[in-house]
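Asker: Sequence lines, in order, name chains A and B. Reminder that position 93 of the first sequence reads as 93 in our numbering, one-by-one numbering, no gaps. With the second sequence counted from 1, adding 1000 to any position gets you our numbering. In this text, a Cβ means the ideal position worked out from N, Cα and C, and glycines have one as well.
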Amino acid sequence: MKMKFMLEPDGQNGGEPDAHDGGGPSPSAERLFAGLLEFKETVFRICLGFCRDIRDAEELTQDVYVKVFAKLGTLRDLQAARAWLFRITRNICLNHLRRMRPPILSLDECDPVADSASPEQRLETREQLQVLKQAISTLPRRMREVFVMREYGQLRYEEIAGALGLRPGTVMSRLSRARTLVSERMRSFNDG
Amino acid sequence: MDEAKKNLEPWERLIENESQAALERFRRLDFRAALERRLKFVPRPAPWFRRPLPMAAGLAAALLLALGISVFTSFLAMKREVRELKEVLMRLPELRTPLAALSPVPVDEETARLIRLSWVFRLAGKRLDGGPGTDEEWRSALETAFAAPGTPTASEWRLRGMAKTERLLLEKRIRALIAAGELQRLRARNKSNQL
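(1) So, does the CB of S118/A fall closer than 9 Å to a CB anywhere in chain B?
(2) Taking 6 Å as the limit between beta carbons, can you name the residues of its chain near G49/A, skipping five residues before and five after?
(3) For chain B, check one thing: does any of its Cβ atoms lie closer than 9 Å to the Cβ of M186/A?
(4) How about T170/A and A163/A: do their beta carbons lie closer than 9 Å?
(5) Do three or more CB pairs link the segment 82-96 of chain A to the segment 52-67 of chain A at distances below 8 Å?
(6) How is D1030/B classed by DSSP in three states: helix, strand or coil?
(7) On a Cα-Cα basis, can you pick out the residue from E120/A, V146/A, P140/A and E159/A that is closest to W84/A?
(8) Ignoring anything shorter than 4 residues or poking outside the segment 112-170 of chain A, list the alpha helix (DSSP H) runs there in chain order.
(9) Alpha carbon to alpha carbon, how far is W1011/B from Q134/A? Give it in angstroms, no decimals.
(10) Consult DSSP for D56/A and reduce its assignment to one of helix, strand or coil.
(11) With distances taken from CA atoms, which of I88/A, F44/A, R141/A and N91/A is nearest L1029/B?
(12) Excluding the 5 residues flanking F1041/B on each side, which residues of the same chain have their C-beta closer than 8 Å to its C-beta?
(13) Note down, in chain order, all residues in the segment 31-56 of chain A with a beta-carbon under 7 Å from any beta-carbon belonging to chain B.
(14) Would you kindly report the start and end of the unbroken alpha helix (DSSP H) that includes E38/A?
(15) Output the boundary residues of the alpha helix (DSSP H) element that contains F1041/B.
(16) Which chain B residues sit within Cβ distance under 8 Å of V66/A?
(17) Is the CB of E1025/B under 9 Å away from at least one CB in chain A?
(18) Measure how close the beta-carbons of F33/A and V68/A come, nearest whole angstrom, since I'm counting them as under 8 Å.
(19) Could you confirm whether any beta carbon from chain B is found closer than 9 Å to the beta carbon of N190/A?
(20) Using 9 Å as the threshold, is the C-beta distance between I46/A and T74/A below it?
(21) Leaving out the 5 sequence neighbours to the left and right, which residues in its chain are closer than 7 Å to Y157/A when beta-carbon positions are compared?
(22) Report back the beta-carbon spacing between L139/A and A178/A to the nearest angstrom; my notes put them in contact at under 8 Å.
(23) Which residues share a DSSP beta bridge with D191/A?
(24) Express the C-alpha separation of R76/A and F1072/B in angstroms, rounding to a whole number.
(25) Just to confirm, is the Cβ distance from Q128/A to L1008/B under 9 Å?
(26) Just verifying my parser: in three-state terms, what is the DSSP assignment at R174/A?
(27) Within a Cβ cutoff of 6 Å, which residues of the same chain sit near D191/A, ignoring the five residues on either side of it in sequence?
(28) Quick one: what's got a C-beta closer than 8 Å to E1024/B's C-beta in the same chain, skipping five residues either side?
(29) Taking the alpha carbon of K71/A as the point to measure from, which residue in A1021/B, L1039/B and S1074/B has its own alpha carbon closest?
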């Protein structure tokens, strides 16, 4: 059975009235869902940044869209829905971390090191990655969420501000402090 | 873009490489198919008319209901009061029951009735705002009427148990009596009796 939301996104959903009265999502809601599906990689990257495990990130990305689907009737326009999408991504990831403490650090599933790298380079990169993950996971929560959304999700300041209900200035200052902390920790590891 | 990549800090490059590697794996995954499988077990979103009411609408409905109940209760209370008033009006002749026997001093029936009315009025804690007769005048009227020390006890004046509507009705009657100069007449008569 093909799901109705598999419609091609047209990006033209501007909060038009929902005239569909039958069971299931209306055509406009389906278009909205399809539009939100375009951000799945961003959602995945944010999940990865939070949970530090690629399989969990995949699962969490699905969780996010399952939740979006369940709430489709309450969404109206794509702009507001995008901010909401990133906000629930953050919430789902934080809930996951709360349940899964201590965080699972899985490095085997995806190896960022090129195949051509020598075993020594490979080992060093893995160590650095381990330290980076530790550095991120020990950031204060408010800084961590801004850091992950920016560095992993590559969201703009305004988007992060919209998703977290903050002012862009606050986002910038938190991000700056988070980046400084991460840099310091990485530098101290490299120096040591 | 390349220039920007050159300026990346080592940890930023690490994040970028890690994310790219993870994304490659993610892209190989048929995300939509996987999501479809999960969505089969998710209840379809209900159409708008079957969705639960938003909190504001629920609150407004509850307020309206409370208001409706209040209005209805007031209406019932008003109906009850009118009925009681009618009963009182029907029993008005009973108020002429002689109280002379209960009074510590001999008084005629009319005086006793007025005293009883005024006493009832005082029990209701009412003041004749803007009308003739203050509390002091009422007390004076009572004292003059009895012309003897001591005030009637509750058991003597059985009217304590009167309904509010009855008291209000009596208050109206007392006002009328005062307006007609009844009280002054009583005072004068009692005074002349004392003399």
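Answerer: The structure says:
(1) no
(2) V148 and Y152
(3) yes
(4) no
(5) yes
(6) coil
(7) E159/A
(8) 119-137, 141-147 and 157-164
(9) 12 Å
(10) helix
(11) F44/A
(12) none
(13) K40, E41, F44, R45, L48 and I54
(14) Careful: E38/A lies outside any alpha helix (DSSP H) and carries neither H nor E.
(15) F1041/B -> no alpha helix (DSSP H), and no H or E assigned at all.
(16) L1035, R1038, L1039 and V1042
(17) The identity of residue 1025/B in the sequence shown is Arg, whereas the question assumes Glu. Yes, its Cβ sits closer than 9 Å to a Cβ of chain A.
(18) 7 Å
(19) yes
(20) no
(21) P168, V171 and M172
(22) 6 Å
(23) None; D191/A has no bridge partner.
(24) 40 Å
(25) no
(26) helix
(27) none
(28) none
(29) L1039/B
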